[in-house]
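S.K.: Just dropping this structure here.
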Amino acid sequence: MGGLLEFLRLPSLSTTGRGIAETAAWLCGQAGALGAQADVYPTAGHPVVAGVFPGGPRTILLYGHYDVQPPEPLELWESDPFAPALRDGKIYARGATDDKGNLWAALMAAARAHSVTVKFIFEGEEEVGSPNLLPFLRAHREMLACDACVLCDRGIHESGRGQLYLGNKGMIHVELRATGPKRDVHSSQAPLLPNPAWRIVDALVRLRDWHPPLPRPAVTGIPFEAAEYMATYGVDYVPDDPVARLLYEPTCNIQGIGAGYQGPGNKTIIPSTAFAKVDIRLVPGQDLPECAAMVRERLAGIDCTIEATMRPYQAPADHWAVRAAIQAARTAYGGEPVVWPHVDGSGPLGEIADTLGAPAFLIGLGSPFATANTHAPNENLEVDAFWKGIAMMEGFFAACAEG
Ligand SMILES: [Zn+2]
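So the sequence shown is numbered by the numbering used here: it starts at 213 and just counts up by one.
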């Protein structure tokens, strides 16, 4: 654990670059001391630390990130975010769960796994959107060749059981713009002049149901307190089938919309411009280019930008590496792990899997989401989760070698 504490003392803020180079060099040195062949690879942004612990014939690629979110607001921390403090069985520090604790537990286990070959790639830009991750993977396809790729991030389930995520949703970003008269005009002229806000509203209505209806598979084995969840957000209804909806309903979310006068009272004008920003999440089974084309069709005649960035993805649940992870989680945590077919959010797993030609999935080794305070003050890692995380990954590598 001494190594982890040292890791947590190094600020590595991808937003500003503070401590990034030092942390990459330190991490590379540590991996080397643990028996890996490792190097620091420059990218167009922050460096990647990559390497290998040579071993048996099967190859697992580990992904983690050594950068962290900024610690502000500092006054809400009970101890210095870069001076790890032990309280109530938890280590408090920025990055404790996201992602240094995860990364370190996986690295410890990798150093002891001789029955499989473990390659690793630790990036320094995850918290700023990983702009150089896929270019790096594409440029080093051969060096990173593997049979399965495991991302260690997030945490165990609140119940103390293990937690896996086998995929993620896709993402299409849409920005709509409309212009009317060349300046705001007295609204008495509305019979003659176009209002760009109506053009945006009409386009959004067309976009809302952009996809044909999809089957919603039944989901079992994922505990979810729907009433409690809705109450957290002050919403007074409880949807049927919340987990299946969360996982299998494609979304069309208006993230921002604007036009015209928004102050107190009235200002009777026709606005000159209007805009909206929308994020659309795709579920496994939907095709990214096909969906982007459907979205474009709905928006015919509107000035818009459509960015199809990530495809939905789900690793095959019966792949030996997935089965090995489930088996290892049973032993390390006791009881059946919570296995999400995919996360409710979007991510690069599909692009990683396509680039490497191997399935990619996530194993959470940190504190449970509800208590980890990731991206927030007093981020922490349960010491017990850390030790179990090492055992989990040791068991995973052993099970991969067997079968
Ligand atoms: Zn994060």
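Backbone N, C-alpha and C fix where the C-beta goes; we use that ideal spot for every residue, glycine too. As the structure is a prediction and not an experimental result, all values here were calculated from the model.
Could you spell out the range, first to last residue, of the alpha helix (DSSP H) harbouring Phe444?
M.R.: Position 232 of the sequence shown, counting from 1, holds the residue named residue 444. The sequence shown places Thr at residue 444, rather than the Phe named in the question. Ala438 to Thr444 is the extent of the alpha helix (DSSP H) around Thr444.
S.K.: Just checking my contact of His277 with Asp311 at CB under 8 Å: how many whole Å lie between their CB atoms?
M.R.: By 1-based counting over the sequence shown, the position of residue 277 is 65. By 1-based counting over the sequence shown, the position of residue 311 is 99. The Cβ separation is near 5 Å, so the contact holds.
S.K.: Quick check on the burial criterion: 16 or more other C-beta atoms within 10 angstroms. Buried or exposed for His554?
M.R.: Counting from one through the sequence shown, the residue named residue 554 turns up at place 342. Under this definition His554 is a buried residue.
S.K.: Does the pairing of the segment 337-348 with the segment 242-257 give three or more beta-carbon distances under 8 Å?
M.R.: Result yes; three or more Cβ-Cβ pairs closer than 8 Å.
S.K.: Tell me which residues pass a beta-carbon proximity test against ligand 1: closer than 7 Å to any heavy atom, given in chain order.
M.R.: For ligand 1, the selected residues are Gln281, Asp310, Asp311, Glu338, Glu339, Thr586 and His587.
S.K.: Could you tell me which of Glu606, Trp599 and Arg389 sits nearest to Leu216, measuring between CA atoms?
M.R.: Here residue 216 refers to the residue found at position 4 of the sequence shown. Minimum Cα distance to Leu216 is reached at Trp599.
S.K.: Taking Ile492 and Thr463 to be in contact with their CB atoms under 8 Å, please state how far apart those CB atoms are, rounded to whole angstroms.
M.R.: Within the sequence shown, the letter at position 280 stands for residue 492. Within the sequence shown, the letter at position 251 stands for residue 463. With 8 Å as the limit, Ile492 and Thr463 qualify as a contact, their Cβ atoms being about 6 Å apart.
S.K.: Less than 8 Å between the CB atoms is what I'm expecting for Pro524 and Gly382, so what's the real figure, rounded?
M.R.: As a working mapping, residue 524 is identified with position 312 in the sequence shown. As a working mapping, residue 382 is identified with position 170 in the sequence shown. That pair is a contact at about 4 Å.
S.K.: Does Asn465 come out as helix, strand or coil in the three-state DSSP assignment?
M.R.: Residue 465 sits at position 253 when you count from the first residue of the sequence shown. In this structure, Asn465 counts as strand in the three-state DSSP scheme.
S.K.: Mind checking which residues open and close the beta strand (DSSP E) that includes Asn592?
M.R.: In the sequence shown, residue 592 corresponds to position 380, counting from 1. Taken as a continuous stretch (DSSP letters only), the beta strand (DSSP E) holding Asn592 covers Asn592 to Glu594.
S.K.: Could you check how far apart the C-beta atoms of Thr329 and Val264 are, in whole angstroms? I think they sit under 8 Å.
M.R.: For the purposes of this step, residue 329 is taken as the residue at position 117 of the sequence shown. For the purposes of this step, residue 264 is taken as the residue at position 52 of the sequence shown. Right, the Cβ-Cβ distance comes to about 6 Å (below 8 Å), so this counts as a contact.
S.K.: Would you say Pro483 and Gly374 are within 8 Å of each other, going by their C-beta atoms?
M.R.: Numbered from its first residue, the sequence shown carries residue 483 at position 271. Numbered from its first residue, the sequence shown carries residue 374 at position 162. No. Outside cutoff.
S.K.: From this set, Leu376, Trp238 and Thr228, which residue's C-alpha is nearest Pro580's C-alpha?
M.R.: Along the sequence shown, one-based indexing puts residue 580 at 368. With distances taken between Cα atoms, Pro580 lies closest to Leu376.
S.K.: Measure the C-alpha to C-alpha separation of Gln281 and Pro269 and round it to an integer number of angstroms.
M.R.: Within the sequence shown, the letter at position 69 stands for residue 281. Within the sequence shown, the letter at position 57 stands for residue 269. Computed Cα separation, rounded: 37 Å.
S.K.: With DSSP run on the structure shown, which of helix, strand or coil describes Gly313?
M.R.: One-based indexing of the sequence shown puts residue 313 at position 101. Three-state result, Gly313: helix.
S.K.: Which residue wins for smallest C-alpha separation from Ala438, given the options Arg353, Leu426, Pro454 and Gly446?
M.R.: Here residue 438 corresponds to residue number 226 of the sequence shown, with the count starting at 1. Considering only alpha carbons, the answer is Pro454.
S.K.: So what's Tyr525 in DSSP terms, helix, strand or just coil?
M.R.: Position 313 of the sequence shown, counted from the start, is the residue given in the question as residue 525. Of the three classes helix, strand and coil, the one that applies to Tyr525 here is strand, per DSSP.
S.K.: Is DSSP giving Thr271 helix, strand or coil here?
M.R.: Numbered from 1 along the sequence shown, position 59 holds the residue referred to as residue 271. Three-state DSSP puts Thr271 in a strand.
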